[in-house]
Amino acid sequence: MDSLLVEAIAETRAQLEDLRGVPRAMDLRIRVELLAQAAAMISLRPADRADVVRLAKLVLDVREEAVAMRARHVLSTAMGEMMD
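Numbering (the numbering used here), first residue to last: 5 to 88.
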């Protein structure tokens with residue numbers, strides 16, 4: 005489970021890297037950093053399986069939001085360039 009969390013957090017950070025000027029992206033950056041801290045805490049101490057599953061779901065949800073936000077941003081940018 006740890007590698008799933010690490011990979012999903014890294015992918016989310018990468019998706020958000022291209023969205024520096026997007027205000028909503030800052031909210032996702034904060035959430036992913038909080039989730040990364042929670043994942044680090046879980047790796048340091050024994051955790052209930054249900055807690056790990058809940059954390060994984062939250063991380064995957066944030067990743068999904070970041071991927072969708074980046075896709076919308078890329079599409080919006082492309083449409084703006086076509087209109088020029």
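In this text, a Cβ means the ideal position worked out from N, Cα and C, and glycines have one as well.
(request) Apply the 10 Å Cβ neighbour rule to ILE13 and answer buried if 16 or more other Cβ atoms are within range, or exposed otherwise. (result) Walking along the sequence shown from the start, residue 13 turns up at place 9. Under this definition ILE13 is a buried residue.
(message) Which same chain residues end up closer than 7 Å to LEU64 when comparing Cβ atoms and leaving out the 5 residues on each side of it in sequence?
(response) The count along the sequence shown starts at 1 and reaches residue 64 at position 60. ALA12.
(request) Output the distance between the C-alpha atoms of LEU79 and VAL36, rounded to the nearest integer angstrom. (result) Working through the sequence shown from its first residue, we reach residue 79 at position 75. Working through the sequence shown from its first residue, we reach residue 36 at position 32. Cα to Cα, the separation comes out at about 23 Å.
(request) Count the C-beta pairs between the stretch 52-66 and the stretch 80-87 that are closer than 8 Å, then say yes if the count reaches three, no if not. (result) no
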